[in-house]
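Residue numbers (my numbering): 4 to 328.
Structure below.
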């Protein structure tokens, strides 16, 4: 990637994040400490991994409102697999990922093949998955002991959790798939003009369904790290997580209208959301105040996206007019 594209696509957002870090560092003497940074590094992975999948969903002009409940269900099944079924840790983790993938498959099949807006489908799945998580755990929190703690603990000599490293790897792989593979280019094309892509012989329905499966599996992976950080599987986990994921992705420049997005920028958007939450907590802001600020950030990001879309449309219209002899 050339320097000019880096400067225009990534640097501005990174500077905003660094500005927030500096601001809260000045407002609170405890913010720029190793303890705070390690805490941030352990909180970021679940949201970052889900944001990768949400970026792909928004790029194809869809949306997934069920990720918070899907995380709770995957976490619940992880706890059931470990505690009730006595399965090995690796197998239990696979159960969580498959659980997320099955929810994503349901969303994709119903939304794509029955032509029901993904907003409606995933809104229903939000309730279904949440209810299933309560049923799976008998509405009880399952404490898992120390079996998963190593994922959330700082690694010796590095000082950051393994979960953060894995999240960064997921982000880089996702960005590569989106920008360097035919699959990624098809997703962008589908979000831009699905009918044209379908007429070209591309199986758009299959690819859109696969995107929902991907975000489901990524949510299952995120559930593992979320559960590792808490040391328990809680059927109430992930409430409001879908809004945080959408906010981070839109802050990163992914369009709600589809056809445009960057997983790396979504990751920076996650860092901004996480830094904002941690910084407000450090300066003593109440939980309602933090929710107000997060809501304002979402509205601002969506407004900027809408204004940017109108501006680009006007430019294209003027350019076409200028081309007419």
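Glycine residues also receive a C-beta, built at the ideal position from the N, C-alpha and C atoms. Remember, it's a predicted structure, so these values are computed and weren't measured experimentally.
Own chain partners of residue i with C-beta closer than 6 Å, once the 5 adjacent residues on each side are dropped
i: residue 85; result: 95, 147
i: residue 227; result: 96, 99
i: residue 144; result: 235, 237
i: residue 30; result: 286
i: residue 177; result: 55, 266
i: residue 68; result: 125, 126, 129, 245
i: residue 136; result: 75, 76, 79, 238
Per-residue DSSP class, three states only, for residue i
i: residue 157; result: strand
i: residue 146; result: strand
i: residue 2; result: The requested residue 2 is not part of the displayed model; the chain covers only 4 to 328.
i: residue 120; result: coil
i: residue 37; result: helix
i: residue 69; result: coil
i: residue 49; result: helix
i: residue 164; result: strand
i: residue 235; result: strand
i: residue 323; result: Low local confidence applies: a pLDDT of 49 at residue 323 is under 50, so the model's placement there is unreliable, and no value is given.
Pairwise C-alpha distance: residue j and residue i
i: residue 66; j: residue 294; result: 21 Å
i: residue 198; j: residue 251; result: 29 Å
i: residue 15; j: residue 81; result: 39 Å
i: residue 355; j: residue 62; result: There is no way to answer for residue 355, as the model of the chain reaches only from 4 to 328.
i: residue 120; j: residue 158; result: 43 Å
i: residue 255; j: residue 117; result: 31 Å
i: residue 346; j: residue 26; result: An answer regarding residue 346 cannot be provided, because it is not within the stretch 4 to 328 covered by the chain.
i: residue 109; j: residue 127; result: 11 Å
i: residue 324; j: residue 138; result: Below a pLDDT of 50, predicted positions are generally treated as unreliable, and residue 324, at 49, falls in that range; no measurement from the model is reported.
i: residue 155; j: residue 164; result: 5 Å
i: residue 278; j: residue 35; result: 11 Å
i: residue 188; j: residue 283; result: 39 Å
i: residue 310; j: residue 301; result: 14 Å
i: residue 273; j: residue 141; result: 32 Å
Own chain partners of residue i with C-beta closer than 7 Å, once the 5 adjacent residues on each side are dropped
i: residue 174; result: 51, 55, 266, 267, 270
i: residue 73; result: 103, 106, 132, 219, 222
i: residue 77; result: 99, 102, 103, 222, 223, 226
i: residue 326; result: The pLDDT assigned to residue 326 is 46, lower than 50, so where the model puts this residue is not dependable; a value taken from the coordinates is nonetheless given after this. Excluding residues within five positions, none has a Cβ falling inside 7 Å.
i: residue 192; result: 200
i: residue 152; result: 231, 234
For residue j and residue i, believed in contact at Cβ under 8 Å, the rounded distance
i: residue 160; j: residue 41; result: About 14 Å; that fails the 8 Å criterion.
i: residue 245; j: residue 70; result: 5 Å
i: residue 185; j: residue 253; result: Contact doesn't hold; Cβ gap of about 26 Å is too wide.
i: residue 166; j: residue 48; result: 4 Å
i: residue 115; j: residue 208; result: 5 Å
i: residue 59; j: residue 202; result: Not quite, the Cβ-Cβ distance comes to about 22 Å (not below 8 Å), so this is no contact.
Residues of its chain near residue i, where Cβ-Cβ distance is below 8 Å and the 5 sequence neighbours each way are ignored
i: residue 39; result: 33, 281, 285
i: residue 233; result: 240
i: residue 53; result: 70, 74, 218, 221, 222, 225, 244, 248
Please confirm if the segment 254–264 is in contact with the segment 209–223, defined as three or more CB-CB distances below 8 Å between the two stretches.
-> no
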